[in-house]
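Novice:
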Amino acid sequence: MSVDSLLEQTKEVLREVLPETIEVTDIELEGPHIVLYTKQLDAFLSGGDLLRQVAQRLRRRVLVRSDPATLMEPKEAETAIRELIPPEAEITGLFFEPETGEVSIEAANPGAAIGRQGAVLTELKRKIGWVPTVVRTPPIPSKTVEEVRVHLRNHFDQRRSFLKKVGTRISRDRLDEKIWARSSSLGGYREVGRSASLLSTQNSKVLIDCGIDPGSDRTPFLSAPELLPLDSLDAVVITHSHLDHCGLVPVLLKYGYQGPIYTTAPTRDMMTLMLLDAIKVTSQEARQKLYDSSHVRDMVTRTIPLRWGETTDITPDLRLTLHNAGHILGSSICHFHIGDGDHNLAYSGDVKFERSWLFNPAVNRFPRLETLVLESTYGGYRDVQPSRQQASDEFAGFVSKVLERHGKLIVPVFAVGRSQEVMLVLEERMREGRIPRVPVYLDGMIFEATAIHTAYPEYLNSQLRTQIFQQGDNPFLSDIFHRVDSSQMRMGILDEKEPCIVLATSGMMSGGPVMEYFRAWAADEKHGIVFVGYQADGTFGRRLQRGLNEAQLFDNGRQYTTPVRLEVATIEGFSGHSDRVQLMNYVASLDPRPQRIILNHGEESKTLDLASSLHKRFNLESRVPFNLDAVRLV
Ligand SMILES: [Zn+2]
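If you read the sequence shown in this note's numbering, its first letter stands for residue 67, the second for the next number, and so on.
#1: Thinking C-beta only, is residue 211 closer than 7 Å to residue 335?
#2: Going by C-alpha to C-alpha distance, which of 275, 248, 269 and 270 sits closest to residue 261?
#3: Excluding five sequence neighbours on each side, which residues of the same chain lie with their C-beta closer than 7 Å to the C-beta of residue 208?
#4: Evaluate contact between the segment 416-424 and the segment 487-505, counting only Cβ atoms and requiring at least three cross-stretch pairs below 8 Å.
#5: With DSSP as the reference, label residue 353 as helix, strand or coil.
#6: Check each candidate in 683, 643 and 481 and name the one with the smallest Cα separation from residue 655.
#7: Closer than 5 Å is what we want: which residues have a beta carbon that near any heavy atom of ligand 1? List them in chain order.
#8: Taking the beta strand (DSSP E) that residue 625 falls in, what are its first and last residues?
#9: Which complete beta strand (DSSP E) runs does the segment 445-533 hold, if anything under 3 residues is left out?
#10: Are there any heavy atoms of ligand 3 lying less than 6 Å away from the beta-carbon of residue 590, as far as the coordinates show?
#11: How would you write the range of the alpha helix (DSSP H) that residue 312 sits in, first residue to last?
#12: Is it true that the CB of residue 571 sits closer than 7 Å to the CB of residue 510?
#13: Put residue 160 into one of helix, strand or coil per three-state DSSP.
#14: Given a threshold of 16 other Cβ atoms within 10 Å of its Cβ, counted over all protein chains shown, does residue 620 qualify as buried or as exposed?
#15: Hey, could you find the ends of the alpha helix (DSSP H) residue 325 is sitting in?
#16: Tell me which residues share the same chain as residue 94 and place their Cβ nearer than 6 Å to its Cβ, disregarding the 5 neighbours each side in the sequence.
#17: Is residue 147 close to chain C, meaning its C-beta is less than 7 Å from at least one C-beta of that chain?
#18: Identify whether residue 228 lies in helix, strand or coil by the three-state DSSP scheme.
#19: Which residue wins for smallest C-alpha separation from residue 592, given the options 551, 634 and 608?
#20: Is the separation between the beta-carbon of residue 506 and that of residue 567 shorter than 7 Å?
#21: So which of 553, 445, 350 and 119 has the shortest CA-CA distance to residue 648?
#22: Can you tell me which residues form a DSSP beta bridge with residue 402?
#23: If residue 185 and residue 179 are in contact, beta carbons under 8 Å, what's the gap, nearest whole angstrom?
#24: Can you look up residue 681 in the DSSP assignment and give me helix, strand or coil?
#25: Would residue 451 be called buried (16 or more neighbouring beta carbons within 10 Å of its own) or exposed?
#26: Using only alpha-carbon positions, find the residue among 469, 485, 483 and 508 that is nearest to residue 496.
#27: May I have the straight-line CA-CA distance separating residue 771 from residue 250, to the nearest angstrom?
#28: For residue 91, which residues of its own chain have a beta-carbon under 7 Å away from its beta-carbon, when the five flanking residues on both sides are left out?
#29: According to DSSP, is residue 193 part of a helix, a strand, or is it coil?
#30: Nearest-angstrom Cα distance between residue 678 and residue 612?
#31: Kindly identify the DSSP beta-bridge partner or partners of residue 620.
#32: DSSP on residue 213, reduced to helix/strand/coil?
#33: Is it buried or exposed for residue 332, if we count other Cβ within 10 angstroms and need 16 for buried?
#34: Once DSSP output is grouped into helix, strand and coil, what is the label at residue 559?
#35: Looking only at DSSP bridge pairs, what is residue 665 linked to?
#36: According to the Cβ coordinates, are residue 255 and residue 691 closer than 7 Å?
Right, dumping it as structure tokens:
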């Protein structure tokens, strides 16, 4: 359908649905949404389910806003907002957006600001004309979340015209012929790293993930003819913020991609943090920069955040819905409804089918599903891990042992995911008195990543959410945690006499603050180091894990040797990936069960092993494409 006929159809529907007293003064496309402007917002919103009827008839997401002429003066509106919203909501900021007629209210308790079934907001809307949206004041202030919000506010005009363009493009006519669709493997097939897949039909081209290979800096096959020119792409969809899935998004923008990026809001923020940090690391290591911070900011402007379960038209023949993948904050399975239900395809991204300390298990129910693209990191026959509970007990046991002999403990961690899990285990066990209560220092990006988690509690598992919301004791705010925010503070910790725990990056000990603690404490057998994450071949972490009597280290460019006497332990079971058993259980529990599974994101032997087991056990078609292969879906 073209834009003109969509607008015609919208007018037609409005004529049929709306009573004569409600007049729509303007209709606009904004990304995947249709926006209606009216002078009778109050009547529109209180007139039963008018909005829902309009949306249903149009099969589109519809927003309704006040005609700019009806908006109350911001000063007056602010007074009204502060009168109507109860004080327990604790408003920390008010931002008026004249272009959309929205006012965003930052509140410590969004529930109180919203009211029962949105009662407070509905009343506000009637009174001030502005459409209020409530955002949570992060309980731990996050620099990244704040910067993203400020950036979006400052680039409002640019973003508005961008969304209009996207909306027009989504509504273009589609070719009137029988639909075909295929999935091209552009990276991360028969390997781990540089994930990228292209979903194409005769009408659409959508790239799912665009990552780097952290081990080697290899990139996906971005010069594949089906991907070029980059501005022929309709959309980029990102499953989650690990760099092997999103590390090259700024490069797409640098080389001419002009369309939208769809992902969850926490993934957008976490991606921003990770990509900006990657620039810093690259320049410290004097490697060539692939992009700069202007491309990351551009990415933020072009990101259209979607909530889990919200279905959105992203091209004339593709509808996208994101679902929880259980892997890290905001991580999503991307479900595509192709054509008029001709085919349904889901990309798992990295997926965890077990309830973790942070997240619910991955979603396994879909309205329809014919093909699943599934990761297979731990798909090998022997890749069986202990449960979270066992892992936590084992971890706590080692912590106690080191602390009780008056030692200090180093935990090398990735900033996102594992560090927050370890924090939760430590907090719980210390609160219950099951391990000695000592300070826990967070060094590297961990604190900032944790702050982003607390800004999006609705993406955490229900138990943790209840703990944060209803019991009012956010475990991340516990006073056992201390942020290491200066090198003086770090020096102080290195010399401290009392036992303590340090969580520091990098997770594989390939540099970062963790090395300073290791250098200081390696020679004393009282201390300990415990690995909770995957250690890749060739990293210092892997060598230490295998046993070292002495280590060659660098300090200010000077090489020296230090004896390694501290106790080294490895705890399995904290992984954000499903192990072999969980992958098989995931497929067994899928509703509906797909006819075909395409495997990626795994070493070749593991992927092949999983593929043959899936075929044997479920009698479905399992495929293991090479990079640059394409699988025809329909
Ligand atoms: Zn991942």
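Quick reminder that beta carbons are idealized off the backbone N, C-alpha and C, glycines included.
It should be emphasised that the depicted structure is a prediction, and the values quoted were computed from it without experimental measurement.
Specialist: Walking through what the data contain:
#1: At the C-beta level, residue 335 and residue 211 come within 7 Å of one another.
#2: Out of 275, 248, 269 and 270, 275 has the C-alpha closest to the C-alpha of residue 261.
#3: 514, 517, 518 and 521.
#4: Yes, since at least three Cβ pairs between the segment 416-424 and the segment 487-505 fall closer than 8 Å, the two stretches touch.
#5: DSSP places residue 353 in coil when its eight states are reduced to three.
#6: The closest CA to that of residue 655, considering only 683, 643 and 481, is found on 683.
#7: Matched residues: 308 and 416.
#8: Under the DSSP assignment, residue 625 falls in the beta strand (DSSP E) whose first and last residues are 624-629.
#9: Scanning the segment 445-533 for uninterrupted beta strand (DSSP E) segments of 3 residues or longer gives 475-478 and 506-509, listed from N- to C-terminal end.
#10: No copy of ligand 3 appears in this structure; the ligands present are ligand 1.
#11: Per DSSP, residue 312 belongs to the alpha helix (DSSP H) from 309-312.
#12: Going by beta carbons, residue 510 and residue 571 fall inside the 7 Å limit.
#13: DSSP places residue 160 in strand when its eight states are reduced to three.
#14: Here residue 620 is exposed. Its C-beta has fewer than 16 other C-beta atoms within 10 Å.
#15: Careful: residue 325 lies outside any alpha helix (DSSP H) and carries neither H nor E.
#16: Listed in chain order, the non-local C-beta contacts of residue 94 below 6 Å within the same chain comprise 101, local neighbours out to five positions each way being set aside.
#17: Structure shown: chain C not included; a single protein chain is present.
#18: Secondary structure at residue 228: helix, using DSSP grouped into helix, strand and coil.
#19: For the residues 551, 634 and 608, the minimum Cα distance to residue 592 belongs to 634.
#20: Yes, they are a contact pair.
#21: Shortest Cα-Cα distance from residue 648 to any of 553, 445, 350 and 119 involves 445.
#22: In the DSSP secondary-structure assignment, residue 402 is bridged to 386 and 411.
#23: About 11 Å separates the two Cβ atoms, so there is no contact after all.
#24: Under the three-state reduction of DSSP, residue 681 is assigned to helix.
#25: With 16 or more neighbouring CB atoms inside 10 Å of its own CB, residue 451 falls in the buried class.
#26: Of the listed residues, the one whose Cα sits closest to residue 496 is 469.
#27: Absent from the structure is residue 771, since the part of the chain shown begins at 67 and ends at 700.
#28: So the list reads 103, 104, 105 and 133, once near-sequence residues are dropped.
#29: Helix, per DSSP.
#30: Put simply, the backbone Cα of residue 678 is about 32 Å away from that of residue 612.
#31: In the DSSP output, where bridge partners are listed per residue, residue 620 has 625.
#32: Helix, per DSSP.
#33: Residue 332 counts as buried, since at least 16 other C-beta atoms from the protein chains shown sit within 10 angstroms of its C-beta.
#34: Reduced to three states, the DSSP call for residue 559 is helix.
#35: Paired residue(s): 440.
#36: Taking a C-beta distance under 7 Å as the contact criterion, residue 255 and residue 691 qualify as a contact pair.
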